[in-house]
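Protein chains: 2
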Amino acid sequence: MSSNTDKRKAAQALAAATARDVRTPAVEVGPLANMVGYALRRAQLAVFDDVIANFADLELRPAQYSVLVLLGKSPGLKQSDVAAALGIQRANFVVLFDGLERRGLARRLSTPNDRRSYALYLTEAGEKVLARANELESRHEARLDAKLGPGGREQLLALLSKLAARD
Amino acid sequence: MSSNTDKRKAAQALAAATARDVRTPAVEVGPLANMVGYALRRAQLAVFDDVIANFADLELRPAQYSVLVLLGKSPGLKQSDVAAALGIQRANFVVLFDGLERRGLARRLSTPNDRRSYALYLTEAGEKVLARANELESRHEARLDAKLGPGGREQLLALLSKLAARD
DNA sequence: GTTATTTTGTAGTTTTGAATAACAATTATA
DNA sequence: TATAATTGTTATTCAAAACTACAAAATAAC
């Protein structure tokens, strides 16, 4: 059912990722090049293109992958927790998780403590997909490390966390 | 976009910027924190929130600002050039520029050489808005510098350009 | 213990950004 | 000259995200 459209979407994403042309533009971007926001966005788009192409055959979007990772590490979280941790709106997380559940990768279990909320878990299939995704992810990170050079990742992560921090 | 809806959108953006809660989440994000893509996205969202709030009273989106900057630096560019330099699709740039033109900030002039294309210029009003935006922007960058610490900006820009570079 | 407030998940709508296809006019090339 | 490529454009689609409103359940206040 959704597998057809999912395949198409994955193909689209792959095409977009390989087609996007981020080479140094012929026109000088001038002052923009010194603006952190501009550089940040350009880098984020390039990295996400790589991630999306990387996960294309698993049909996993970055946001979906991050949910799997979180549930793999901390099973039993409730929707609000995961959504808040990832900076996703509660309402939008429902749709996102519905997709994972429909594909049999994760499930909602009702908890005895609180009858409003669900405890979220990966299924067997979800664990398997996560394992494969982690494999691909580590190769992706290795590619980035090659670009960043020795010590680059640590430097970059430290700087980015300073930017993301709320005063 | 009419000026009415623009005002509303600016207000929305401001509200969203101040309302978004990116504090260290209660739930441990674990392995995600070591992934460059995740850190990059979190930082980009935080910085863009600041930019959007920063430009709220000018009713300028980051993409619109970048067009003004480019035309301020290199007047007479054609649409394809600007779009390519900013990584925007030709088709989507039309709408973006329509907005600037309707607000009287920029204009299309036909060129004698090539009757297909337009040469793009800022208007007087556009120059003024750009000047005010640059003012705000430099304060924004100063805020980021305070977060990044001495030498942080140079390090960060160097690392980000490595990531954005097409092999 | 009842009332008020907060939390949680949900549905539906809207906005935004970006991708894509198709097209006409013009220019470049074979 | 015939063919191909470029430029701007319109319209459609899609995915992310934001917002509102709501019902059920838990918690706090009284």
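Chains as they are written, first to last, in the working numbering: chain A, 955 to 1121; chain B, 955 to 1121.
Glycine is no exception: its CB is placed at the ideal position from the N, C-alpha and C atoms.
Burial state of B/Arg1057 (16 or more Cβ within 10 Å): buried
When A/Gly1026, A/Ala1087 and A/Glu1095 are compared against B/Glu982, the one with the closest alpha-carbon: A/Gly1026
Spatial neighbours of A/Phe1051 in its chain, beta-carbon cut-off 6 angstroms, leaving aside the 5 residues before and after: none
7 angstroms CB neighbourhood of A/Tyr1075 in its chain, flanking five on each side removed: Leu1025, Pro1029, Gly1030, Ala1060, Arg1061 and Leu1063
For B/Ala1087 and B/Arg1070, the rounded distance between their alpha carbons: 32 angstroms
Assumed close pair A/Leu986, B/Ser1020 - CB separation to whole angstroms, cut-off 8 angstroms: 6 angstroms
Three-state secondary structure assigned by DSSP to A/Leu1063: strand
Test: A/Leu917 CB closer than 9 angstroms to a CB of chain B: What the structure shows of chain A is the stretch from 955 to 1121, and residue 917 of chain A is not part of that stretch, so it cannot be assessed.
N-terminal and C-terminal residue of the beta strand (DSSP E) that A/Ala1073 is part of: Tyr1072 to Leu1076
Whole-angstrom C-beta distance between A/Ala1039 and A/Phe1047, which should lie under 8 angstroms: At roughly 10 angstroms, the Cβ-Cβ gap does not stay under 8 angstroms, so A/Phe1047 and A/Ala1039 are not in contact.
Beta-carbon proximity of A/Leu1098 to A/Leu994, cut-off 9 angstroms: no
Contact set for B/Tyr1072: own chain, Cβ-Cβ below 8 angstroms, skip 5 residues either direction: Lys1032, Gln1033, Arg1062, Leu1063, Ser1064 and Thr1065
Selected residue, minimal CA-CA separation from B/Asn1008, among A/Glu1089, A/Leu1014, A/Gly991 and A/Ala1017: A/Gly991
For B/Arg1093, three-class secondary structure by DSSP: helix
Within-9 angstroms CB hit, A/Arg1120 to chain B: yes
A/Ile1006: first and last residue of the uninterrupted alpha helix (DSSP H) it sits in: Val990 to Asn1008
Member of A/Thr1077, A/Leu1102 and A/Leu1084 whose CA lies at the smallest distance from the CA of A/Glu1013: A/Leu1084
A/Leu986, enclosing alpha helix (DSSP H) - first and last residue: Careful: A/Leu986 lies outside any alpha helix (DSSP H) and carries neither H nor E.
Proximal residues, the region 997 to 1009 of chain B versus chain A, C-beta separation under 9 angstroms: Ala997, Gln998, Leu999, Ala1000, Val1001, Phe1002, Asp1004 and Val1005
Cα-Cα separation between B/Gly1080 and B/Glu1055, rounded to whole angstroms: 9 angstroms
Min CB distance B/Pro985 to chain A below 9 angstroms: yes
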